[in-house]
Structure formats: C-alpha cells, structure tokens
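Below you can see the structure in the form of structure tokens.
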C-alpha cells in the first residue's frame with residue numbers, strides 16, 4: 060500500500076519542557092526539577108506554533124516533562140487551541156479543580172493522564188513521589204467533572220502488567236473514555252531498568268489480549284495488529300527546539316533546530332527524515348490494520364534493537380524474527396540517558412539529546428553508514 064505524502068505533518072508533538080516536579084525512575088526525558096536555560100521560551104513556542112499553523116498543522120500533542128510545571132504553558136496552550144485540536148499529556152499532580160477549569164477555558168481538546176499502576180504502591184515506586192497516585196486520580200476526576208475528555212495511559216512493563224486489568228477498571232470508574240497501553244522504550248532512564256522491567260513479546264501480547272474493557276471504554280495499543288510507522292504523518296519538536304520526528308527518537312536523531320529552520324523545511328528536505336517517512340523497510344506486516352499500513356512499524360523500536368533504519372519493528376508478532384525484547388543490544392545497553400552513540404561509529408561521533416546552544420545545528424550533522432549522527436560537543 061502506497062502511503063500518502065504530506066507536504067506538512069498534520070500532527071506535531073511539542074515536548075514543551077524537560078522539567079518536572081516528579082522524579083520518575085523510568086523517565087524517558089531524564090528530566091530535572093528546573094528547566095534548562097536552552098529550552099525554548101514561551102515566546103519562542105508561540106512563534107513556533109504560529110509557523111506550524113501557517114504551514115497547515117491541524118493538531119498538537121503537548122507533553123514534557125510536565126508542561127504544567129512551567130508557568131508560561133497555559134498561555135501557549137490557549138494560543139495553540141484557538142487554531143488546532145490540542146491534546147495535553149500530564150502526570151496529573153498539578154490538576155486540582157481550579158486548574159481543570161483553566162485547562163477547559165484554554166480550550167484543551169483532551170487530556171491524557173499517566174498512571175504507572177493501579178495502586179499507590181506501584182505508581183509511587185516509579186514516581187518516587189508520595190501522594191502522586193491520589194493526585195493523578197483526582198486529576199482525572201476533576202477534568203471529567205468540568206467536561207474535559209480524559210484518557211488514562213500506562214506503560215506496559217513487568218511491574219505494571221499484573222495490574223493492567225485493575226487499572227483499566229479504575230480508568231473507567233474515574234470517567235475516562237479511553238485506556239492507552241504504551242510500549243516500554245529503551246530511552247532515557249528506562250535503559251538502566253531494562254533487565255528488571257522489560258517483558259518478552261509473548262508476555263506483552265498475553266497482557267494485551269487478556270483485557271476485557273468495560274462498556275464505554277476503548278482500549279488503545281500499538282502491538283499487532285495495530286503496529287504502524289507514524290513518521291509519515293507526524294513530527295515532534297524537543298524542549299530545545301530540535302526537530303526529532305518522534306519523542307521516542309529523541310536520542311537517535313536531530314533534523315535541525317526550529318530556532319534556525321522551520322520544522323516543515325526539516326520535514327521536506329532532510330534526507331534521513333524523508334527516508335523514514337517513505338517507509339522503505341526490509342519487511343512489513345500485511346496483517347496490521349492501521350489504515351495507512353504498517354510500513355515496518357515503529358522506527359524508534361526498529362533502530363533501538365537492530366541498529367539500522369530499514370529494519371522491521373520487533374514489537375510486532377509478524378516481524379519479531381526471534382528478537383528477545385528483554386535483552387538490549389550491547390551497543391545500546393552500555394549508554395547512559397541522553398547520549399546515544401550509533402553502533403560502528405567512533406568515539407568522536409554520537410547523536411545527542413542536548414545540542415549545542417548556538418549555531419546552525421543542522422549543518423553539524425553528518426552521516427556514518429546508515430546512521431544519523433553529530434560530533435560530540437567540546438567541553439566548555
């Protein structure tokens with residue numbers, strides 16, 4: 060199936076900040092309490108939103124870190140919501156009744172609240188923050204009460220799998236209409252917990268297939284037969300303004316920075332980005348039912364486990380080909396959060412999550428074999 064070709068991504072994820080009031084063990088963004096000085100300012104985000112709207116973007120998916128932890132966020136949210144469908148992902152601890160009303164007034168279209176278990180014990184093992192489970196429950200209740208649609212999200216891993224049915228029932232009881240089960244990705248702090256938390260594909264599949272949702276609750280999941288390559292229709296901007304394709308690609312690519320280059324120009328002109336969007340892969344699953352076709356499935360998962368962009372997604376049962384998802388490739392397992400060196404590259408070359416603060420970042424990139432990399436920044 061030939062995929063549609065968009066001149067502009069219809070959906071753009073905005074990773075608004077890498078600051079957060081929690082300290083999650085598995086944090087994909089390796090977040091800190093305070094925003095880094097090189098994050099986009101509120102004014103810069105407003106400019107980016109205006110550019111994206113002018114270029115034809117119709118939906119924003121805003122995440123962090125915790126977007127609500129930055130005091131300038133609500134103004135940017137309201138500005139974006141005037142022109143596009145706007146979704147907010149949050150851990151919920153900052154959403155009391157007043158904040159729920161402010162989010163509705165700002166025009167948010169849907170809020171997605173993260174849970175890491177159906178109990179305070181499990182949830183707070185991950186967040187390392189007392190009372191964060193009760194706060195997340197209150198957030199869903201407050202949002203539903205004021206009329207904001209809510210999804211409950213969770214990341215499937217060895218600690219959350221047993222509580223999946225109970226969390227699904229809790230989501231329904233709190234008033235959520237959708238329950239999203241997400242993959243556990245080997246990025247950020249999660250890499251250090253991989254041996255402890257990763258499941259086999261068979262275990263993941265069993266957990267998903269065992270769910271029997273109550274009436275009125277929809278299950279969302281990205282395993283077979285719903286696996287897909289979403290790079291062809293969506294884009295992502297990091298907290299520092301980097302065009303990274305998808306939040307799960309944040310440690311593997313950087314297509315340019317929106318302080319210097321419009322996102323749509325990286326979308327159209329970067330050779331690797333175009334390659335990922337074209338879906339030219341070694342194998343794809345004809346049984347996956349995503350309307351646009353799988354085209355090899357998730358590119359972040361494929362690269363993490365195979366080290367090459369054309370590889371199939373090992374999270375799909377039709378494409379796994381014997382990959383044990385409980386074991387990370389050595390080249391990836393040895394690396395800390397935020398800095399991932401591609402296999403086969405020298406010590407002086409690595410993709411980076413935290414780019415230099417000045418200059419045209421796009422011009423600093425080079426290709427090594429099939430990997431998108433950038434030279435290691437010199438210490439200041």
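In the working numbering, the protein residues as written are 60 to 439.
For every residue, glycine included, the Cβ atom is placed at its ideal position computed from N, Cα and C.
Check, Outcome
"Cβ neighbour criterion (16 or more within 10 Å) applied to residue 269", "exposed"
"Residues sharing a beta bridge with residue 316, DSSP", "301"
"Cross-strand partners of residue 113 (DSSP beta bridge)", "DSSP output for residue 113 lists no bridge partner at all."
"Close beta carbons around residue 185, own chain, < 8 Å, minus the five adjacent residues each side", "83, 84, 85, 175, 176 and 218"
"Straight-line gap, residue 79 to residue 91 (C-alpha atoms, nearest Å)", "6 Å"
"Those runs of the alpha helix (DSSP H) which lie wholly inside the segment 138-186 and span at least 4 residues", "156-165 and 179-186"
"Element boundaries [beta strand (DSSP E), containing residue 77]", "Unbroken run through residue 77: none, as it is neither H nor E."
"Inter-residue CB distance, residue 303 and residue 290 (contact presumed, cutoff 8 Å)", "11 Å between Cβ atoms; not a contact."
"Backbone CA spacing between residue 249 and residue 383 [nearest angstrom]", "17 Å"
"Coarse secondary structure for residue 70, derived from DSSP in three states", "strand"
"Between the CA atoms of residue 94 and residue 129 - distance to the nearest angstrom", "8 Å"
"Helix, strand or coil at residue 307 according to DSSP, with G and I counted as helix", "helix"
"Outcome for residue 375 when other beta-carbon atoms lying within 10 angstroms are tallied against a minimum of 16", "buried"
"Residue nearest to residue 274 in terms of C-alpha spacing, selected from 74, 266 and 231", "231"
"Residue closest to residue 98, alpha-carbon to alpha-carbon, out of 318, 108 and 212", "318"
"Buried or exposed by the 16-neighbour rule on C-beta atoms within 10 Å, applied to residue 279", "exposed"
"Span separating the alpha-carbon of residue 138 from that of residue 262", "43 Å"
"Assigned exposure category for residue 77 - 16 Cβ within 10 Å defines buried", "buried"
"Residue 362 (DSSP reduced to helix, strand or coil)", "helix"
"Assigned secondary structure, residue 296 (DSSP; H/G/I helix, E/B strand, else coil)", "strand"
"CA-to-CA distance, residue 366 to residue 393, given in whole angstroms", "14 Å"
"Bridge-paired residues (DSSP) for residue 239", "212 and 279"
"Own chain residues within Cβ distance below 7 Å of residue 135, not counting five before or after", "101, 104, 105 and 108"
"Sequence-distant residues of its chain with Cβ nearer than 7 Å to residue 115 (five each side left out)", "67"
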